[in-house]
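A quick write-up on the structure given underneath.
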Amino acid sequence: MNEKLERLKKWEFKRSAYDLLLSTAYFDDETIAPSGGREYRYERLAYMASESYKISTDHKIETLLDELKKEDLAFEERRTVELLIKDFQKIKAIPQDVYEEYTKLTLQSTAAWQKAKSTNDYSIFKPYLLKIIATLKKIALLREPEKDVYDTLLDDYEPFMTTARYDVFFDLIKKELLPLIAKIQKAKPITDDFLYKYYPKDRQEKLMTKLKEVLGFTSDWGYMGVSMHPFTSGFSKYDVRITTAYDEHNIASAIYSLVHEAGHAFYEHQMAERFDGTILKAVSSGMHESQSRLLENFIGRRRSFIKNFYPFLKELYADQLKDVTLDDFTRAVCVAKPSLIRTDADELTYPIHILIRYELEKGIFDGSIKVEDLDEVWSDMYYKYLGIRPDDMASGILQDIHWSQGSFGYFPTYALGSAISAQIMHKLEEDIDVDGELEKGNLKVLTDYLGEHIHQYGALFDLDDLLKKATGEEFDPHYYIDYLKDKYTKLYHLDEGR
Ligand code: ZN
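Heads up: the sequence shown begins at -18 in our numbering, then just goes up one per residue.
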């Protein structure tokens, strides 16, 4: 191998060693570590993170990348160099003092958000939020002076997705889904009260074991812990950690948290092993979310999938699910109704929560929304689009952690992910008899398919190129809209009796 590439490889190895230790420590912190030791841990972790940052920003590597760029490289090596250069440019544009100041600000702001949320007092968080927005604007303009601030932020989470493209996407959602949601509210409601009975946690744990088996999430490469908010950490191909969260008054919560995170986990596990520890493991947010949503909604909420664990579930909770058939249960986990909390939202109203955050973020950065009034604008938008208003701040502007961490431009990828998964699912159903395989308990046929057409490539391609490879077309949101319209029209019998 070329001597320069050899040096680059060594540097990526060193960087991944720090990443592995840091992510192990973060996983430990979120799952099992006693909260009392937090201060000690955080001081040491901050030190480790700054050491890791020094490696990531090594000037010698930047020079090396510039040299490599001029060389005649193979496809994978060229992609690696391009992605790393993009990262370096991002970091280089921000002066050290601005970066350190901003890092400190996000830590303080996250702490302020936690306090504000638990006390339901927006005024604690508001000054930090305003400061974060102002600093992000400054940083985005340092990075790309010619570009719209929000476009710069959007690109960080899904390259080449812009306000122009998201506008088309969200206009379609508004035009097609809002009337559908309105119609459903007038339709005959579907019974789902049994989902919210008391479901003791110890038996839910047994259910998780069964579900992992159904999913093919095995202990030779996967581990499941418990945390407040479920998440996935892919350390390497054969070490993928996920978490779930139990709610004793909502049986669907842990089930769909596990299925969702398993979707992320398969992505991490089925990438080419040679990508471990490299930038090619860094899949964009929208693409990653497409695989969790695909498993959670497009597969996980089908009768043929639920059938694989429903008899076991009924055995565990004979009283709670007495007289509830497989069909009743399947319909109940698909119920759509407007709600205030994004993370509790159903499949159909979920993109409206994202639409609201998208319009807010866009307005913040193009100046059409006065950030001073953000909490009121938030509430008005919920009323405008979903017909409901938060009665407190914790179920309004304080509900999500993202803004406190400076993650602006991230939310849209949640809806984008769902839309991407619809397009992939459309092709998958052309190629495979999905219900036929699920009826036989053959989920592996589907996860293998995703591994072959999507997962193995890691970050080798941008969204449109990968979709073209996997489905024959660039990103097209119509698949998503058609899927939701079809599913919910049937579920609520909307085309009958006209
Ligand atoms: Zn996710």
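For every residue, glycine included, the Cβ atom is placed at its ideal position computed from N, Cα and C.
Contact annotation: the segment 158 to 167 does not touch the segment 293 to 301, with fewer than three C-beta pairs closer than 8 Å. Judged by DSSP in its simplified three-state form, valine 426 adopts helix. Between glutamine 70 and lysine 178, the C-beta gap is not smaller than 8 Å, which leaves the two residues out of contact. Secondary structure note for threonine 330: it is in no beta strand (DSSP E), with a DSSP letter that is neither H nor E. With a contact defined as Cβ atoms closer than 8 Å, leucine 448 and glycine 267 miss out at about 11 Å. In this structure, the CA atom of serine 271 is about 5 Å from the CA atom of serine 402.
Between asparagine 101 and methionine 406, the C-beta gap is not smaller than 8 Å, which leaves the two residues out of contact. Annotation for histidine 210 indicates a beta carbon at 7 Å or more from all heavy atoms of ligand 1. Aspartate 220: member of the beta strand (DSSP E) spanning 220 to 225, first to last residue. Secondary structure at threonine 38: coil, using DSSP grouped into helix, strand and coil. The residues Asp416, Leu419, Glu420, in chain order, have a CB closer than 6 Å to that of serine 285 in the same chain once the five nearest residues on each side in sequence are set aside. DSSP, read as helix, strand or coil, puts glycine 348 in coil.
Per the C-alpha coordinates, the member of Asn231, His40, Arg146 positioned closest to glutamine 185 is Asn231. Between the C-alpha atoms of alanine 74 and threonine 38 there is a straight-line separation of about 12 Å. DSSP lists Ile223 as the beta-bridge partner residues of methionine 205. For aspartate 10 and phenylalanine 389, the gap between their C-alpha atoms comes out near 25 Å. By the C-beta density criterion, threonine 224 is buried, having at least 16 other C-beta atoms within 10 angstroms. In the structure shown, the three-state DSSP call for glycine 398 is helix. Cβ atoms of lysine 318 and aspartate 327 come within 8 Å of each other, at about 7 Å. Apart from the 5 residues on each side of it in sequence, leucine 196 sits with its Cβ closer than 6 Å to the Cβ of Ala243 in its chain, given in chain order. Three or more Cβ pairs drawn from the segment 341 to 356 and the segment 109 to 119 lie within less than 8 Å of each other, which places the two stretches in contact. Taking the Cβ of glutamate 270 as the reference point, at least one heavy atom of ligand 1 falls within a distance shorter than 7 Å. Taking 7 Å as the cut-off, one finds no heavy atom of ligand 1 near enough to the beta carbon of histidine 250. Alanine 97 is positioned such that its CB atom lies no closer than 8 Å to that of leucine 321. Glutamate 342 is classed as buried because its beta carbon has at least 16 other beta carbons within 10 Å across all chains shown. Secondary-structure assignment with DSSP links serine 217 through a beta bridge to Asp220.
Under the 8 Å Cβ criterion, the segment 238 to 257 counts as touching the segment 423 to 436, having at least three qualifying pairs. Inclusion of histidine 241 in the 7 Å shell around ligand 1 follows from its C-beta lying nearer than that to a non-hydrogen atom of the ligand.
At a cut-off of 4 residues, the continuous stretches assigned as alpha helix (DSSP H) that sit fully inside the segment 55 to 124 are 56 to 73, 77 to 100, 103 to 124. Annotation for glycine 417: the continuous alpha helix (DSSP H) segment containing it runs 415 to 420. For the 8 Å CB-CB criterion, alanine 93 and isoleucine 105 form a contact.
The beta carbons of valine 305 and phenylalanine 175 sit closer together than 8 Å. For glutamine 380, there is no enclosing alpha helix (DSSP H), as DSSP marks it with neither H nor E. Counting along the chain, the unbroken alpha helix (DSSP H) around proline 292 starts and ends at 291 to 297.
Excluding sequence positions up to five before and after valine 62, its CB lies within less than 7 Å of the CB of Leu46, Leu49, Lys50, Leu54, all in the same chain and listed in chain order.
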